[in-house]
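Only one structure is covered here, and it is reproduced in the block below.
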Amino acid sequence: MCIPITLSSAIHATDLITLVYTKIMASSSEMNTGELKKGLWSHEEDQLLISYINRYGIWNWSQMPRFAGLARSGKSCRLRWMNYLKPNVKKGIFSEEEEEIILQSHSVLGNRWSEIASRLPGRTDNDVKNHWHAHLKKRANHQYDMTPKTTKQNDDSVEMIQHPANHVNSNFESCLTSYDNTFLPSSSTTSVYQEINFGDDYYDTGSPGTVDELQCFWQQLYSENMDSGNNVIDQDLLNEDCF
DNA sequence: AAAAGAGGCAACCGCCCTGTA
DNA sequence: ATACAGGGCGGTTGCCTCTTT
Numbered sequence: 001m002c003i004p005i006t007l008s009s010a011i012h013a014t015d016l017i018t019l020v021y022t023k024i025m026a027s028s029s030e031m032n033t034g035e036l037k038k039g040l041w042s043h044e045e046d047q048l049l050i051s052y053i054n055r056y057g058i059w060n061w062s063q064m065p066r067f068a069g070l071a072r073s074g075k076s077c078r079l080r081w082m083n084y085l086k087p088n089v090k091k092g093i094f095s096e097e098e099e100e101i102i103l104q105s106h107s108v109l110g111n112r113w114s115e116i117a118s119r120l121p122g123r124t125d126n127d128v129k130n131h132w133h134a135h136l137k138k139r140a141n142h143q144y145d146m147t148p149k150t151t152k153q154n155d156d157s158v159e160m161i162q163h164p165a166n167h168v169n170s171n172f173e174s175c176l177t178s179y180d181n182t183f184l185p186s187s188s189t190t191s192v193y194q195e196i197n198f199g200d201d202y203y204d205t206g207s208p209g210t211v212d213e214l215q216c217f218w219q220q221l222y223s224e225n226m227d228s229g230n231n232v233i234d235q236d237l238l239n240e241d242c243f
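As structure tokens, then:
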């Protein structure tokens with residue numbers, strides 16, 4: 001979302017909040033006309049989404065972007081959150097054990113990536129899918145029968161591959177305490193994580209139903225950034241005439 | 001040093017499923 | 001029973017980076 005804002009050198013915080021809020025609300029009509037941004041997410045967009053979910057939780061993906069000041073589709077926000085921004089999303093190199101789980105699971109489940117990913121703590125279906133196409137597909141040709149079992153398997157056959165997976169999962173769990181810090185996203189969003197204390201529950205904590213609540217959201221977001229010395233709101237966001 | 005090709009990854013698209021009115 | 005909206009999933013695309021020539 002690009003919202004032209006002209007800054008004077010002596011703008012007050014309260015004026016800035018009001019200005020940002022006004023711009024956001026004014027831009028909502030633009031969002032409603034379908035002019036949604038696509039492509040890579042900026043640091044600012046990430047921060048807006050994280051801050052909003054941290055405050056209000058996930059209540060409605062299709063409505064959230066408008067309240068959060070994002071010119072993105074709900075699906076885009078959901079994808080970004082699920083695959084990248086959500087805490088405990090594991091980035092980095094796949095271990096041998098993880099690759100083994102993927103290979104074994106795929107030999108039974110086929111391309112059911114979400115099901116395969118559920119056996120790998122912290123990994124997303126998108127990650128698993130990408131890793132499969134990039135690294136494991138060729139290996140699987142040699143190692144396993146490549147006839148995909150795309151239809152639903154009976155519980156017994158699924159259970160057979162759950163044993164090795166669960167065994168490895170238990171090993172993962174023993175490492176999770178350090179994993180939380182070790183596998184933070186490698187991009188610029190890492191700093192955002194370090195600044196925000198997420199609660200255990202991100203869901204259904206309520207929507208900002210009133211203008212006052214939404215104004216409060218922006219005010220607190222502004223305050224957090226100023227307190228942490230981030231200054232994202234008044235510099236990165238507002239400079240270059242782009243919010 | 002520059003161009004071309006390959007690989008990896010983030011994100012979009014469209015379909016499907018589920019819940020609700 | 002039906003229509004609709006929201007969310008989930010898998011396939012695919014396109015961009016960026018790295019490697020090779």
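Under UniProt numbering, the very last position in the first sequence is 243; numbers go up by exactly one each time. All C-beta atoms, glycine included, are put in the ideal place defined by N, C-alpha and C.
Checklist entry - Does at least one heavy atom of the ligand SAH sit under 8 Å from the Cβ of residue 41? => result Among the components of this structure there are no ligands whatsoever, and the ligand SAH is therefore not found.
Next on the checklist: Measuring straight from C-alpha to C-alpha, what distance separates residue 74 and residue 68?
Outcome noted: Spanning the two alpha carbons is a distance of roughly 11 Å.
Checklist entry - What are the start and end residues of the alpha helix (DSSP H) that includes residue 65? => result Per DSSP, residue 65 belongs to the alpha helix (DSSP H) from 64–68.
Checklist entry - Hey, quick one: how far does the alpha helix (DSSP H) through residue 113 stretch, first residue to last? => result 113–117
Item to check | Minimum C-alpha distance to residue 77 - residue among 86, 65, 87 and 88 | outcome: 65
Checklist entry - How is residue 93 classed by DSSP in three states: helix, strand or coil? => result coil
Next on the checklist: So, under 8 Å CB-CB, residue 89 and residue 110 are touching, yes? Tell me the CB distance rounded to an integer number of Å.
Outcome noted: A Cβ-Cβ separation of about 24 Å leaves residue 89 out of contact with residue 110 under the 8 Å criterion.
Next on the checklist: Is it buried or exposed, residue 62, if we count other Cβ atoms within 10 angstroms and call 16 or more buried?
Outcome noted: exposed
Checklist entry - Given that a residue counts as buried once 16 or more other Cβ atoms are within 10 Å of its Cβ, and exposed if not, what is residue 40? => result Residue 40 comes out exposed.
Checklist entry - For residue 137, which of 87, 47 and 104 has the nearest alpha-carbon? => result 104
Checklist entry - How would you call residue 133, buried or exposed, if buried means at least 16 neighbouring beta carbons within 10 angstroms? => result exposed
Item to check | residue 126 versus residue 139: straight-line alpha-carbon distance, rounded | outcome: 19 Å
Next on the checklist: What residue range does the alpha helix (DSSP H) around residue 43 cover?
Outcome noted: 43–56
Checklist entry - For residue 80, which residues from the same chain have a beta carbon less than 7 Å from its beta carbon, with the 5 sequence-adjacent residues on both sides left out? => result 41 and 49
Checklist entry - So, is residue 135 buried or exposed, given that buried needs 16 or more other C-beta atoms within 10 angstroms? => result exposed
Item to check | Environment of residue 102 [buried if 16+ CB atoms lie within 10 Å] | outcome: buried
Item to check | 7 Å Cβ shell around residue 124 - same chain, five flanking residues per side excluded | outcome: 82, 83, 89 and 117
Next on the checklist: Going by DSSP, what residue range makes up the alpha helix (DSSP H) through residue 76?
Outcome noted: 74–80
Checklist entry - Is the distance from the Cβ of residue 252 to the Cβ of residue 70 below 9 Å? => result Not covered by the structure: residue 252. The range shown for the chain is 1 to 243.
Checklist entry - Going by other Cβ atoms of all chains shown within 10 Å of its Cβ, with 16 needed for buried, is residue 93 buried or exposed? => result exposed
Item to check | Of the residues 107, 36, 120 and 219, the one placed nearest residue 96, counting alpha carbons only | outcome: 120
Checklist entry - Can you tell which of 72, 108, 57 and 85 has its C-alpha closest to the C-alpha of residue 47? => result 85
Next on the checklist: Rounding to the nearest angstrom, what Cα-Cα distance links residue 108 and residue 114 in this structure?
Outcome noted: 14 Å
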